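A quick write-up on the structure given underneath.
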Amino acid sequence: MKISEYLDNFASDTPISIIGPLYRSGPMQEPLLFVDGGSNYRIGSAGLSVGDGDSSDSPMDIPLSADKDYSDLAYALDSIPADYSNVCLSGFLGKRRDHEYFNLGAAHQFLESRSQPSTIRFEQTIIGYTAGTWNFHREGLFSILSLKDTWLTLHGDCRYPCRDRTRFRVLDSLGLSNIGHGKIHLQTEDPVFVIYENTPECR
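Heads up: take any position in the sequence shown, counting from 1, add 13, and you land on my numbering.
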């Protein structure tokens with residue numbers, strides 16, 4: 014079964030939970046995709062597993078070649094139809110830093126491919142937004158990261174607003190170490206990530 018065929022069983026606004034090899038806790042409600050070593054946490058036949066098997070002894074529902082030029086996560090995200098708008102990733106942060114960087118890249122490409130306002134979350138630590146207008150609540154430190162040159166405005170209950178349309182370059186430190194104390198308004202022309210530190214809280 015293809016990922017798109019499996020997801021046809023669910024409304025497009027249903028959050029899709031993707032479980033990775035470093036899973037500790039998080040949503041375990043279908044629709045569920047288990048990426049390679051994430052299948053070690055699979056209960057029964059719930060969801061679909063996908064990967065090249067390099068971090069799992071379990072057979073994959075969708076086996077991938079180990080000799081490929083994309084990651085297992087990138088394949089899973091690329092296979093989600095464009096009208097699905099909410100993805101929660103659990104088990105993709107920690108250990109190898111290079112994996113984290115490229116997982117962010119895969120998430121960015123996912124956001125760029127969406128046909129409607131969409132989000133992708135890495136547990137409760139990072140949330141990615143498509144282009145558009147967003148509101149979020151934060152008490153404490155947060156940073157805004159972009160993987161492409163973009164323009165945005167930021168205002169509300171934060172120490173360092175960008176009330177005028179402001180250019181953010183790739184990995185621009187302009188977005189580093191802001192402090193929130195309530196509701197924050199973000200308008201962006203391209204996908205961005207909001208990163209939460211110390212006391213994770215993204216909603």
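Quick reminder that beta carbons are idealized off the backbone N, C-alpha and C, glycines included. Model, not experiment: these values are computed from the prediction.
In whole angstroms, give me the CA-to-CA distance for residue i and residue j.
i, j, result
"D65", "S30", "19 Å"
"F23", "A95", "14 Å"
"I139", "A87", "17 Å"
"H150", "F135", "17 Å"
"D49", "K196", "37 Å"
"N148", "H198", "5 Å"
"P76", "I32", "16 Å"
"P72", "S25", "28 Å"
"I56", "R109", "26 Å"
"S68", "D170", "43 Å"
"Y97", "E113", "23 Å"
"L167", "E125", "20 Å"
"S156", "K15", "36 Å"
"I192", "L154", "4 Å"
Buried or exposed for residue i, going by 16 or more other Cβ atoms inside 10 Å?
i, result
"D85", "buried"
"T201", "buried"
"T146", "exposed"
"A79", "exposed"
"Y209", "buried"
"G104", "buried"
"D91", "exposed"
"H194", "exposed"
"Y83", "exposed"
For the alpha helix (DSSP H) holding residue i, just list the boundary residues, first then last.
i, result
"I16", "16-20"
Taking the beta strand (DSSP E) that residue i belongs to, which residues open and close that run?
i, result
"I31", "29-32"
"S62", "61-64"
"I208", "205-209"
"L45", "45-48"
Which full runs of the beta strand (DSSP E) of 3+ residues lie inside the stretch 118-199, going along the chain?
-> 132-135, 139-142, 145-158, 163-171, 175-181
Mind listing, in chain order, the continuous alpha helix (DSSP H) runs of no fewer than 4 residues lying wholly within the stretch 71-107?
-> 85-91
Pairing CB atoms from the stretch 31-45 with CB atoms from the stretch 56-65, are three or more of them under 8 Å?
-> yes
The stretch 119-129 / the stretch 177-190 touching (three or more Cβ pairs under 8 Å) | no
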